[in-house]
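Trainee: Chains as they are written, first to last, in this note's numbering: chain A, 11 to 489; chain B, 15 to 259.
From the three backbone atoms N, C-alpha and C, an ideal C-beta is built for every residue, glycine too.
Next up is a structure, given as structure tokens.
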């Protein structure tokens, strides 16, 4: 057996004979298994629930009786974002932003504004997921199992014993790397079981899965190398433990918590109330499509009359109320899109700041990588919101067009007892409306989004490796 | 016929830690099958000599060779020629006596079964009941016996001992000297750094006195030219200045 393997075997034997180490390792494995099982069950339940609710909402929409199209505009429609299989591994912002949305005319609902501002701030502690265990708990286990690997040998004089046996500094360090690396692999194994479960699911994308696996491998390797570098640089195990716990607390706990707050302070977002007030103000300035006497819409009315060469709306070949609804929806949607765009841009700036802070914290970088590849990051949420809005706009405008073309203006303004009946269009129109289908991103898109995080983790690993190489050269020197 | 080079060879060695010059032209040769005791006052450079032989420090100039290998240039290779018994024996507390021995021997590329290790531990004077106990509860003497067993099992041409009898009672010291004698009989070159002149006189073939960074006196401790131990002892206590007189 080579010296490297002998040293690794002895390090593992030391861990195996340390009751605290064994208990800690078993706890981590159990924790990961529980996280895998609970996330898996949650994802399945949630996906089934959403699919059922989506089907029920579509059925309810299609089952509406003969109605005036504008009533259908206000009846609205619930849509649901289906969860990708990788959400079981890393649900990302999904739990906070939600996946259902109520679509109706004249407004973009909820998630676009208020609560979603938290998307860059909410991904902190709290969720027991395989990703959380690997990002936060596994490094701590590696710290506790490895802090003394080299410092202890220096402190107790056994390092010289190894070197007297003919082992070089490099062999000693490689032996310790092998041992701690084996622990890291074992610690990550239960999460890989979860991965194997996910891989069997329809919609599981190979490239993002490979990216996530590579990212976590690099992240755990980084901690292995960091732990050994610090253990080699200091003379006493106690100092190594203190330094490593401090490093873990700062990079894994503190920075991922305070950096989003700092980003929030640097790029403030309006809250929902502020946004609603601002939109209301702009709407008043813009005019009211429901008010035929509104100055803006009076001008619009004239332009429609001119276009058709008539002088009265009653003479138009289309229902003017429907035409007005089309215009009103176009205008309000533009306004809402402007606010949504500003909000997205601000959130992107916040996320860019957080992402940049990944240079200081590999935990932030791996979190970004993991969510991006799983499609559960802010970009994934935004993708849903934008598709939902596009669907809403198309649906509402189809209904408005139905009003313009399917309901006579005279009937629409009539108030006689039979008028209500005449305003209605056939129920078959609802069924003809297209259903919402979320267009999930392809694997390449997800992998591209995950690349910055992977590069930062790889950069950290490179720097840590250089530090370890430097520490290895000094190992055993008289200080 | 040329005489084979001594397994321990030091010629005109210069060594300093910063401004502190420790060895200043030191020369020493320990032939195969012999024991040399290296004596000297505190800070005379005894431990630095061992550190240089082990490749833990590099000399500024001069020649140093362990079985023909320069430990400064090729420390890993040189160390494989050496069995070393430090003053404060460091061993692995999570391992038993047998496991310690087997692990350290395996690192040196030597495989020894439990019987061979047991024989060596017995020869070193460790009770059989302690062989399979972890070293956590071992006394200094017991740890030293484990280290001695490892040194005995390593069939290497050079044995370096740093204050080996420090902390041992007279009987254990005598037993230890017998073991060192057995290693010498096997053909190894033994260099023993010690303050214990009487013990050195009992076991060593030659005694070298280190003074001001060089060997000031090198006298025979056995054979017809053997120096008078009592006189040596008396003069060593005065700092060795009159030894050659």
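Span of the alpha helix (DSSP H) holding residue 248 (chain A)?
Mentor: From DSSP, the alpha helix (DSSP H) with residue 248 (chain A) extends over 247–258.
Trainee: Report the option in B:153, B:57, B:21 whose CA atom is closest to the CA atom of residue 31 (chain B).
Mentor: If we check each option's Cα against that of residue 31 (chain B), B:57 comes out closest.
Trainee: Any C-beta of chain B sitting closer than 8 Å to the C-beta of residue 38 (chain A)?
Mentor: Judged by the 8 Å Cβ criterion, residue 38 (chain A) is not in contact with chain B.
Trainee: When burial is assigned at 16 or more other CB atoms within 10 Å of the CB, is residue 84 (chain A) buried or exposed?
Mentor: So residue 84 (chain A) ends up on the exposed side.
Trainee: Expressed to the nearest angstrom, what Euclidean distance is found between the alpha-carbon atoms of residue 14 (chain A) and residue 453 (chain A)?
Mentor: Their Cα atoms are separated by approximately 39 Å.
Trainee: Is there a Cβ from chain B that is less than 8 Å from the Cβ of residue 130 (chain A)?
Mentor: For residue 130 (chain A), the pLDDT reaches just 45, beneath the cut-off of 50, and the residue's location in the model is therefore unreliable, leaving the point undetermined.
Trainee: Can you give me, in chain order, the residues of the segment 162–177 of chain A that have a beta carbon less than 8 Å from any beta carbon in chain B?
Mentor: Against chain B - using a Cβ distance shorter than 8 Å - the residues of the segment 162–177 of chain A are 166, 167, 168, 170, 171, 172, 173, 174, 175, 176, 177.
Trainee: Helix or strand or just coil, what does DSSP make of residue 279 (chain A)?
Mentor: DSSP places residue 279 (chain A) in coil when its eight states are reduced to three.
Trainee: Tell me which same chain residues have a C-beta within less than 7 Å of the C-beta of residue 161 (chain B), skipping the five on either side of it?
Mentor: Excluding residues within five positions, the ones whose Cβ falls inside 7 Å are 99, 103, 105.
Trainee: When burial is assigned at 16 or more other CB atoms within 10 Å of the CB, is residue 324 (chain A) buried or exposed?
Mentor: Label assigned to residue 324 (chain A): exposed.
Trainee: With a threshold of 16 other CB atoms inside 10 Å of the CB of residue 433 (chain A), please say whether the residue is buried or exposed.
Mentor: Residue 433 (chain A) comes out buried.
Trainee: Which residues in chain A have a C-beta closer than 9 Å to the C-beta of residue 123 (chain B)? List them in chain order.
Mentor: Here the neighbours are 13, 175, 176.
Trainee: Using a Cβ cut-off of 9 Å, which residues of the segment 50–77 of chain B contact any Cβ in chain A, in chain order?
Mentor: Per Cβ criterion, the list reads 65, 68, 69, 70, 71.
Trainee: In angstroms, rounded to a whole number, what distance separates the CA positions of residue 257 (chain B) and residue 235 (chain B)?
Mentor: The predicted position of residue 257 (chain B) is uncertain, since its pLDDT is 43 and thus under 50; a value taken from the coordinates is nonetheless stated next. Answer to the nearest angstrom: the Cα atoms are 13 Å apart.
Trainee: Whose Cβ in chain A lies nearer than 8 Å to the Cβ of residue 260 (chain B)?
Mentor: Residue 260 (chain B) lies beyond the range of chain B shown here (15 to 259); nothing can be said about it.
Trainee: Can you name the residues of chain A whose CB is closer than 9 Å to the CB of residue 102 (chain B)?
Mentor: Correct list: 167.
Trainee: Quick one: grab the DSSP three-state call for residue 404 (chain A).
Mentor: Of the three classes helix, strand and coil, the one that applies to residue 404 (chain A) here is helix, per DSSP.
Trainee: Apart from the five residues on each side of it in sequence, which residues of its chain come closer than 8 Å, Cβ to Cβ, to residue 293 (chain A)?
Mentor: Here the set comprises 342, 345.
Trainee: Report the rounded CA-to-CA distance for residue 218 (chain A) versus residue 475 (chain A), giving the unit in angstroms.
Mentor: Answer to the nearest angstrom: the Cα atoms are 26 Å apart.
Trainee: Which same chain residues end up closer than 8 Å to residue 389 (chain A) when comparing Cβ atoms and leaving out the 5 residues on each side of it in sequence?
Mentor: 382, 459, listed in sequence order.
Trainee: Here's a check: name, in chain order, each residue in its chain whose Cβ is nearer than 7 Å to the Cβ of residue 122 (chain B), leaving out the five neighbours to either side.
Mentor: 94, 168.
Trainee: Give a yes or no on whether the C-beta atoms belonging to residue 38 (chain B) and residue 228 (chain B) are separated by under 8 Å.
Mentor: Yes, Cβ-Cβ distance for residue 38 (chain B) and residue 228 (chain B) is below 8 Å.
Trainee: Would you say residue 387 (chain A) faces chain B, with C-beta separation under 8 Å as the test?
Mentor: Judged by the 8 Å Cβ criterion, residue 387 (chain A) is not in contact with chain B.
Trainee: What do you get for residue 430 (chain A), buried or exposed, if any count of 16 or more other CB atoms within 10 angstroms of its CB means buried?
Mentor: Exposed.
Trainee: I want to see whether chain B comes within less than 8 Å of residue 20 (chain A), judged by CB atoms only; does it?
Mentor: It does; some Cβ of chain B falls within 8 Å.
Trainee: Take every Cβ of the segment 277–297 of chain A, pair it with every Cβ of the segment 388–404 of chain A, and state whether three or more of those distances are shorter than 8 Å.
Mentor: Verdict: no, contact absent.
Trainee: Taking contact to mean at least 3 C-beta pairs separated by less than 8 Å, is the segment 48–67 of chain B in contact with the segment 205–216 of chain B?
Mentor: Touching, yes.
Trainee: I'd like the ranges of any alpha helix (DSSP H) spanning at least 4 consecutive residues and lying wholly in the segment 47–116 of chain B.
Mentor: Whole alpha helix (DSSP H) segments, 4+ residues: 60–67, 89–93.
Trainee: Output yes if chain A places a C-beta closer than 8 Å to the C-beta of residue 176 (chain B); else output no.
Mentor: No, residue 176 (chain B) lies away from the interface with chain A (no Cβ there is under 8 Å from its Cβ).
Trainee: Any chance you could list the beta strand (DSSP E) runs of at least 3 consecutive residues sitting entirely within the segment 402–486 of chain A, in chain order?
Mentor: Whole beta strand (DSSP E) segments, 3+ residues: zero.
Trainee: Which stretch, first to last residue, makes up the beta strand (DSSP E) that contains residue 234 (chain B)?
Mentor: Per DSSP, residue 234 (chain B) belongs to the beta strand (DSSP E) from 228–234.
Trainee: Considering only the alpha carbon of each residue, which of A:445, A:316, A:154 lies closest to residue 253 (chain A)?
Mentor: Comparing Cα-Cα distances from residue 253 (chain A) to each of A:445, A:316, A:154, the minimum goes to A:154.
Trainee: From residue 108 (chain B) to residue 148 (chain B), what does the alpha carbon distance come to, in whole angstroms?
Mentor: In a straight line, the C-alpha of residue 108 (chain B) is about 6 Å away from that of residue 148 (chain B).
Trainee: If you follow the beta strand (DSSP E) that residue 149 (chain B) is part of, which residue opens it and which one closes it?
Mentor: Taken as a continuous stretch (DSSP letters only), residue 149 (chain B) belongs to no beta strand (DSSP E), as it is neither H nor E.
Trainee: Measuring only the C-alpha atoms, how far is residue 178 (chain A) from residue 357 (chain A)?
Mentor: Approximately 52 Å between the Cα atoms of the pair.
Trainee: Which same chain residues end up closer than 6 Å to residue 230 (chain B) when comparing Cβ atoms and leaving out the 5 residues on each side of it in sequence?
Mentor: Cβ neighbours of residue 230 (chain B) beyond the five flanking positions: 223.
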